[in-house]
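Undergrad: Can you keep this structure in mind? I'll have questions shortly.
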Ligand SMILES: [Zn+2]
Ligand SMILES: [Zn+2]
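Residue numbers (the working numbering): 1097 to 1272.
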């Protein structure tokens, strides 16, 4: 069900599904408003709060959402859920042994083994934080590097990417 919200930046009222705003501190009517909010020049005061890494990760989820509003359809979601069912959450100790914990965690979330080229990224940049929500998986190191370049451009110059580098694991599922 859609609910009425007020844009945190421009104040304009808009409608959005409640499920899309769960846990969001700030909601925006448009990509432009999100961008303005995130811009150091336009919003020097609140921009500072983005330096808090937990705020950054929350903010990036919102950015992803704004840039790819339709990427996760109910069908895709169901498929992913299904692929995770029956696989069991347990990963044996033997498999854990000698492997990077974040790669093991990524496989747990995906419900399949990671491919050799796939790269695990930590949303809050803390490599020890292997919470499910903090893990992003890119299909290659070059995609991963592209994403880092986008982040840098975004946080340093306010450049909003026209297209976010797709990660293997969609944020909506990470949040569950
Ligand atoms: Zn707005
Ligand atoms: Zn990274």
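We put the CB at the ideal spot given by N, CA and C, even for glycine.
Since the structure is predicted, the reported quantities are computational estimates derived from the model, not experimental observations.
Can you tell me which residues form a DSSP beta bridge with residue 1233?
TA: For residue 1233, which the question treats as bridged, DSSP gives the partners 1216.
Undergrad: Out of 1256, 1239 and 1100, state which residue places its alpha-carbon closest to the alpha-carbon of residue 1114.
TA: Nearest of 1256, 1239 and 1100 to residue 1114, Cα basis: 1100.
Undergrad: By DSSP, does residue 1243 sit in helix, in strand, or in coil?
TA: Residue state, collapsed to three classes: helix.
Undergrad: Under 6 Å, CB to any heavy atom of ligand 1. Which residues pass, going along the chain?
TA: Going along the chain, the residues that qualify are 1103, 1105, 1106, 1108, 1124, 1125, 1126 and 1129.
Undergrad: Write down the C-beta distance between residue 1259 and residue 1233 rounded to the nearest angstrom, noting that I regard them as a contact closer than 8 Å.
TA: Not really, about 18 Å apart at Cβ, beyond 8 Å.
Undergrad: For a quick check, are the C-beta atoms of residue 1261 and residue 1242 less than 8 Å apart?
TA: Taking 8 Å as the Cβ cut-off, residue 1261 and residue 1242 qualify as a contacting pair.
Undergrad: Given a threshold of 16 other Cβ atoms within 10 Å of its Cβ, counted over all protein chains shown, does residue 1202 qualify as buried or as exposed?
TA: The residue in question, residue 1202, is buried, as its Cβ has 16 or more Cβ neighbours within 10 Å.
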